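>
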Amino acid sequence: MLRPQRKAAPMKQPSVEAIRERYGFLDDGAGQVHDAIHKIDAVLTGPMMDALVKSPISEYYQRTSWEHLMDAYGKFLNSVHVALDLCHVQYHRELREAEAIEEIEIEKGEKA
Numbered sequence: 038m039l040r041p042q043r044k045a046a047p048m049k050q051p052s053v054e055a056i057r058e059r060y061g062f063l064d065d066g067a068g069q070v071h072d073a074i075h076k077i078d079a080v081l082t083g084p085m086m087d088a089l090v091k092s093p094i095s096e097y098y099q100r101t102s103w104e105h106l107m108d109a110y111g112k113f114l115n116s117v118h119v120a121l122d123l124c125h126v127q128y129h130r131e132l133r134e135a136e137a138i139e140e141i142e143i144e145k146g147e148k149a
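Here the sequence shown is numbered in this note's numbering, starting from 38 and rising by one per residue.
(1) If you measure from the CB of E131, is any heavy atom of the ligand PLP nearer than 6 Å?
(2) Buried or exposed, going by whether 16 or more other CB atoms sit within 10 Å of the CB of I56?
(3) Spatial neighbours of E131 within its chain, please: C-beta separation below 7 Å, excluding the five flanking residues on both sides.
(4) Taking the alpha-carbon positions, what's the H129 to H118 distance?
(5) Please state whether the Cβ-Cβ distance between E136 and V53 is less than 7 Å.
(6) Go through its chain and collect everything with a Cβ distance to H125's Cβ below 7 Å, but skip five positions before and after it.
(7) I need the DSSP call for Y110, collapsed to helix, strand or coil.
(8) For E140, I'd like the list of residues in its chain whose CB is within less than 6 Å of its CB, leaving aside the five on either flank, ordered along the chain.
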């Protein structure tokens, strides 16, 4: 038996300040994430490569391990960049909407 659907109450548009606060990590955290990625990159291309090359395992295993490691690293790096890009896009979209709504409210207040 189907129940009648309730209409959801319209969501209140968050303020510009609330949106900036919610996405504040993009300003603070995004730089830290990029720094961490560069540090990981330095480790993977530096000492880790030396350790793999100098280890007593076979040449095939070295090559295969390195390829898997770099493949995993590439996927990780790509997913982090995509996630940050999506967050930036959503942040700017929500910010534009909130700013437009605030402008309309200010204009209504001036006309009244």
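All residues carry an ideal CB built from backbone N, CA and C; glycine is no exception.
These numbers come from a predicted model, not from an experiment.
This is what the structure gives:
(1) Only the bare structure without any ligand can be found here, which leaves the ligand PLP out of the picture.
(2) buried
(3) I56
(4) 17 Å
(5) Taking 7 Å as the cut-off, the beta carbon of E136 is found closer than this to the beta carbon of V53.
(6) L63
(7) helix
(8) none
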